[in-house]
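Novice: This is the structure I have questions about; it appears just below.
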Amino acid sequence: MDKRKSSLKNYGISSKRYKELCGFCEQYPEWKEELAYNVNTVKSQQIGNVSYGSKNNISNKTADLALKRVFLQKKVDLIEKTAKDAAGELWNEIIKSACYEQPFWYLRDISEIPISRSAFYDYRRYFFFLLNQRKDT
Numbered sequence: 001m002d003k004r005k006s007s008l009k010n011y012g013i014s015s016k017r018y019k020e021l022c023g024f025c026e027q028y029p030e031w032k033e034e035l036a037y038n039v040n041t042v043k044s045q046q047i048g049n050v051s052y053g054s055k056n057n058i059s060n061k062t063a064d065l066a067l068k069r070v071f072l073q074k075k076v077d078l079i080e081k082t083a084k085d086a087a088g089e090l091w092n093e094i095i096k097s098a099c100y101e102q103p104f105w106y107l108r109d110i111s112e113i114p115i116s117r118s119a120f121y122d123y124r125r126y127f128f129f130l131l132n133q134r135k136d137t
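Residues 1 to 137 in the UniProt record's numbering are what the sequence shown spells out, letter by letter.
Below, the structure written as structure tokens:
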């Protein structure tokens, strides 16, 4: 039996759920980028006092942007808090591994993390266990 699958099974995470959680984490860089750069609302054309948008509906673009930013920030905070709870001081390396898909050897050689491969993957599995519990609740 595959060692990873048995470890995930011990945490109550199916292979399909693991793929879903990985996909969720892989969106983290996009969310961070959008939070950093998407700070202005899009303005529609105005002639006089009348706005001309695609359907000329009245909407509050600033409120829409604020709601979207709050929604994205909650997702980012969920991943960061879960990584901190799972790995303590190594939370940033967990995020690099789970969200940016950096392999252990890269983190070991470039970031010089001070733990073994098996210990790192124990933290990573625990991160996904906690994320599984916290996501969708």
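Backbone N, C-alpha and C fix where the C-beta goes; we use that ideal spot for every residue, glycine too. Computed from a prediction, not measured in an experiment: that's the story for all the values here.
Thinking C-alpha only, which one of Asp-85, Phe-24, Arg-125 and Pro-103 is nearest Ser-7?
Specialist: Numbered from 1 along the sequence shown, position 7 holds the residue referred to as residue 7. The shortest C-alpha separation from Ser-7 is found at Arg-125.
Novice: Is Trp-105 buried or exposed, if buried means 16 or more other CB atoms sit within 10 Å of its CB?
Specialist: Looking up residue 105 in the sequence shown gives position 105. Exposed, because fewer than 16 other Cβ atoms sit within 10 Å of the Cβ of Trp-105.
Novice: Measure the Cβ-Cβ separation of Thr-82 and Arg-134 and say whether it is below 8 angstroms.
Specialist: Translated into positions along the sequence shown, residue 82 becomes position 82. Translated into positions along the sequence shown, residue 134 becomes position 134. For Thr-82 and Arg-134, yes; Cβs fall inside 8 angstroms.
Novice: Does the Cβ of Leu-67 lie closer than 7 angstroms to at least one heavy atom of the ligand COA?
Specialist: Ligands are entirely absent from the displayed structure, and the ligand COA is therefore not among its contents.
Novice: Put Pro-29 into one of helix, strand or coil per three-state DSSP.
Specialist: As a working note, residue 29 is residue 29 in the sequence shown. In this structure, Pro-29 counts as helix in the three-state DSSP scheme.
Novice: Distance, Cα to Cα, Cys-22 vs Leu-67?
Specialist: Within the sequence shown, numbered from 1, the residue matching residue 22 stands at position 22. Within the sequence shown, numbered from 1, the residue matching residue 67 stands at position 67. So the alpha carbons of these two residues sit roughly 25 angstroms apart.
Novice: Look up Tyr-123 in the DSSP assignment and say whether it is helix, strand or coil.
Specialist: For the purposes of this step, residue 123 is taken as residue 123 along the sequence shown, with counting starting at 1. Of the three classes helix, strand and coil, the one that applies to Tyr-123 here is helix, per DSSP.
Novice: Round the Cβ separation of Ser-97 and Leu-107 to the nearest angstrom and send it over; I've been treating them as touching at under 8 angstroms.
Specialist: Here residue 97 refers to the residue found at position 97 of the sequence shown. Here residue 107 refers to the residue found at position 107 of the sequence shown. That belief holds up - the Cβ atoms of Ser-97 and Leu-107 are roughly 6 angstroms apart, short of 8 angstroms.
Novice: Starting from the C-beta of Trp-31, find all residues in its chain whose C-beta is less than 6 angstroms away, skip the five residues before and the five after it, and write them out in chain order.
Specialist: For the purposes of this step, residue 31 is identified with residue 31 of the sequence shown, where counting begins at 1. Counting only Cβ-Cβ distances below 6 angstroms, and skipping sequence neighbours, we find Leu-72, Lys-75 and Val-76.
Novice: Span of the alpha helix (DSSP H) holding Ile-110?
Specialist: Position 110 of the sequence shown, counted from the start, is the residue given in the question as residue 110. No alpha helix (DSSP H) contains Ile-110, which DSSP labels as neither H nor E.
Novice: Between which two residues does the alpha helix (DSSP H) holding Gln-73 run?
Specialist: As a first step, residue 73 must be located in the sequence shown, where it is residue number 73. Where Gln-73 is concerned, the enclosing alpha helix (DSSP H) stretches over 61-87.
Novice: Which value, in whole angstroms, describes the spacing of the CA atoms of Leu-90 and Asp-64?
Specialist: Residue 90 sits at position 90 when you count from the first residue of the sequence shown. Residue 64 sits at position 64 when you count from the first residue of the sequence shown. Each residue's alpha carbon lies about 35 angstroms from the other.
Novice: Taking the alpha-carbon positions, what's the Ala-36 to Arg-69 distance?
Specialist: The count along the sequence shown starts at 1 and reaches residue 36 at position 36. The count along the sequence shown starts at 1 and reaches residue 69 at position 69. If you take the alpha carbons of Ala-36 and Arg-69, they lie about 10 angstroms apart.
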